[in-house]
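Here's the structure, in structure tokens; my notes come after.
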Amino acid sequence: MSIPHRFDILVCPHPSLSPCRFGKGETVSTTKTGVATEPQPESDGLHPVSPSMLLPERCGDFELYLAQNGSMVLYAVRGELFSEEHRERLADRGVDRLYVKSVEKEHFDNYVREHLDDILADESIPVQERANVWLDATSVLARKAFDRTFPKSLNNVRFSRIRKILRQSMSFFSRPEVLRHLAVFTGQGREQYHHGIGVMVLAAGVMNTLVRDDADHLVSVCSGAILHDVGKLTLPENLFDRHEDDLTPEELEQAHSHPVLGVSRCASVQLPQEALHCILFHHEREDGSGFPSQALGSVLPLHAKVVGLCDEYENLTREKPWRKAFTPFEALSHIKAEKDRFDPDLIKRLILVLSRAEIM
Ligand SMILES: [Fe+2]
Ligand SMILES: [Fe+2]
4 MSIPHRFDIL VCPHPSLSPC RFGKGETVST TKTGVATEPQ PESDGLHPVS PSMLLPERCG
64 DFELYLAQNG SMVLYAVRGE LFSEEHRERL ADRGVDRLYV KSVEKEHFDN YVREHLDDIL
124 ADESIPVQER ANVWLDATSV LARKAFDRTF PKSLNNVRFS RIRKILRQSM SFFSRPEVLR
184 HLAVFTGQGR EQYHHGIGVM VLAAGVMNTL VRDDADHLVS VCSGAILHDV GKLTLPENLF
244 DRHEDDLTPE ELEQAHSHPV LGVSRCASVQ LPQEALHCIL FHHEREDGSG FPSQALGSVL
304 PLHAKVVGLC DEYENLTREK PWRKAFTPFE ALSHIKAEKD RFDPDLIKRL ILVLSRAEIM
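In the working numbering, the protein residues as written are 4 to 363.
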């Protein structure tokens with residue numbers, strides 16, 4: 004079936020336009036009464052994407068579709084050159100979603116990753132939207148790295164992609180409003196990689212108050228922050244669904260081995276030392292009350308302490324099977340009450356980062 008294609012479809016819809024087919028052949032539809040319905044992206048094998056991603060003078064290796072009168076029509080063919088006019092025309096008409104087919108989503112993800120620098124620096128795109136793009140692109144990579152069905156879900160190729168995306172985004176993270184937007188989304192996700200990204204976003208904020216001119220160091224710490232709990236993938240999932248007080252001594256010992264298991268899981272990956280520190284030391288505490296080695300704060304690397312503190316805060320503000328999420332204020336009060344366990348200067352910096360982002 005030939006699918007009509009027009010860039011000016013919103014300006015001059017053509018009577019020959021017809022619904023196109025996706026997936027197993029179902030047609031994106033109208034109701035029996037003939038009233039147009041909004042296509043259901045998930046059921047139609049489509050993924051919504053923002054028109055802001057159509058960067059001028061770039062082309063993508065995917066087709067783009069537009070919802071119109073209850074049907075999907077082809078908006079851009081594979082390899083089409085985008086222009087500023089496309090974005091403007093769609094914005095003028097209030098179109099905030101285009102769609103890519105599931106089978107081409109990977110091509111779209113590659114396009115976003117390739118142009119992430121430009122997207123994040125594009126001041127014509129609202130910060131919230133850029134933050135969403137970053138989150139989407141990072142989630143795709145982190146989800147693969149945290150796939151528990153594959154012992155080698157993290158490999159050098161995947162790690163270098165994570166590093167690249169972090170390198171592209173460090174200056175974007177110096178903006179407090181980015182943290183505000185991202186905190187909402189990462190807090191809602193229930194998967195391990197959501198927590199990893201949540202800790203990374205906070206750690207980037209705190210690290211930015213400590214080191215501003217060493218991008219390599221920041222990227223290494225942030226990659227370690229995303230991966231800090233990767234060792235949990237080696238252990239039974241339900242081990243972390245219960246409060247520590249409800250675990251047997253054997254189960255607790257197992258749970259406390261996840262930092263060491265994390266380092267083992269990454270043995271074949273060329274991780275920078277800072278990332279390994281974050282994985283191994285994120286549960287160590289200033290007063291030596293942490294695990295696995297009960298090291299004192301005086302011997303712990305500063306970046307591992309940053310990740311440990313952000314991990315504690317992120318866990319407290321996240322809903323658990325045995326309790327509701329703490330509010331930011333409650334979480335910080337809890338941390339301050341345990342001030343011997345955390346570096347007081349880092350607590351102040353975390354509070355500063357959260358207040359600048361208007362999270363508390
Ligand atoms: Fe942990
Ligand atoms: Fe954690």
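Glycine included, C-beta positions come from ideal geometry on N, C-alpha and C.
With a cutoff of 9 Å on beta-carbon distance, Leu353 and Val209 are scored as near each other. Within the DSSP secondary-structure output, Leu144 pairs in no beta bridge.
For Leu119, the enclosing alpha helix (DSSP H) has its first and last residue at 119 to 124. Secondary structure of Ala360 (DSSP, three-state): coil. Check the Cα spacing between Asp343 and each of Arg96, Arg288, Arg321: the tightest is with Arg288.
Beta-bridge partners of Pro51 (DSSP): Tyr102. Going by beta carbons, Leu144 and Cys269 fall outside the 9 Å limit.
Annotation: the continuous beta strand (DSSP E) that includes Ala70 extends over 67 to 71. If you draw a 10 Å sphere on the C-beta of Leu84, you find fewer than 16 other C-beta atoms in it, and that means exposed. Here Arg90 is buried, its C-beta having at least 16 other C-beta atoms within 10 Å.
Just so you know, the alpha carbons of Gly97 and Asn72 end up roughly 14 Å apart.
In terms of Cα proximity to Ile122, the closest of Gln195, Pro54, Glu66 is Pro54. Any heavy atom of ligand 2 counts here; residues with a Cβ closer than 5 Å to one of them, in chain order, are Asp232, Asp314. CA-CA distance, Asp120 to Thr251, rounds to 48 Å. According to the DSSP assignment, Leu255 belongs to the alpha helix (DSSP H) that extends over 252 to 258. Your pair Tyr102 and Ala70 checks out as a contact, with CB atoms roughly 7 Å apart and the cut at 8 Å.
Residue state for Val130 is assigned as helix, using DSSP reduced to three classes. The stretch 272 to 308 is shown to contain whole alpha helix (DSSP H) runs of 4 or more residues at 276 to 284, in chain order. The three-state secondary structure of Ser74, taken from DSSP, is strand.
For Ala79, DSSP records a beta bridge to Leu67. Approximately 21 Å separates the beta-carbon atoms of Val136 and Ala206; this is outside 8 Å, ruling out the contact.
Taking the C-beta atoms as reference points, Leu185 is found nearer than 9 Å to Ala134. When Cβ pairs closer than 8 Å are counted between the two stretches, the stretch 297 to 314 is seen not to touch the stretch 240 to 251, the count staying below three. Remark: fewer than three beta-carbon pairs, one from each stretch, lie closer than 8 Å, so the stretch 329 to 349 and the stretch 164 to 180 are not flagged as touching.
Counting along the chain, the unbroken alpha helix (DSSP H) around Leu205 starts and ends at 195 to 213. Between ligand 1 and His261, a heavy atom-to-CB distance of less than 8 Å is present. With a 10 Å radius around the Cβ and a threshold of 16 neighbouring Cβ atoms, Val52 comes out buried.
Counting only residues of its own chain and dropping the five nearest sequence neighbours on each side, Val272 has a CB closer than 8 Å to the CB of Leu157, Asn158, Asn159, Phe162.
Here the distance from the Cβ of Lys308 to the nearest heavy atom of ligand 1 is not below 8 Å. When Arg359, Val187, His118 are compared, the shortest CA-CA separation from Ser172 is found for His118. DSSP places Lys108 within a helical segment (H, G or I) once states are collapsed to three. Residue burial annotation: Asn211 is buried, with at least 16 other C-beta atoms found within 10 angstroms of its C-beta. Exclusion of the five residues before and after Asp150 leaves Ser156 as the residues of its chain whose Cβ lies within less than 7 Å of its Cβ. A distance below 6 Å between beta-carbons, with the five flanking residues on each side excluded, links Val233 to the following residues of its chain, in chain order: Gly265, Arg268.
Distance between Leu279 and Ser86, taken at the CA atoms: about 44 Å.
Within 10 angstroms of the beta-carbon of Met363 lie fewer than 16 other beta-carbons, which makes it exposed.
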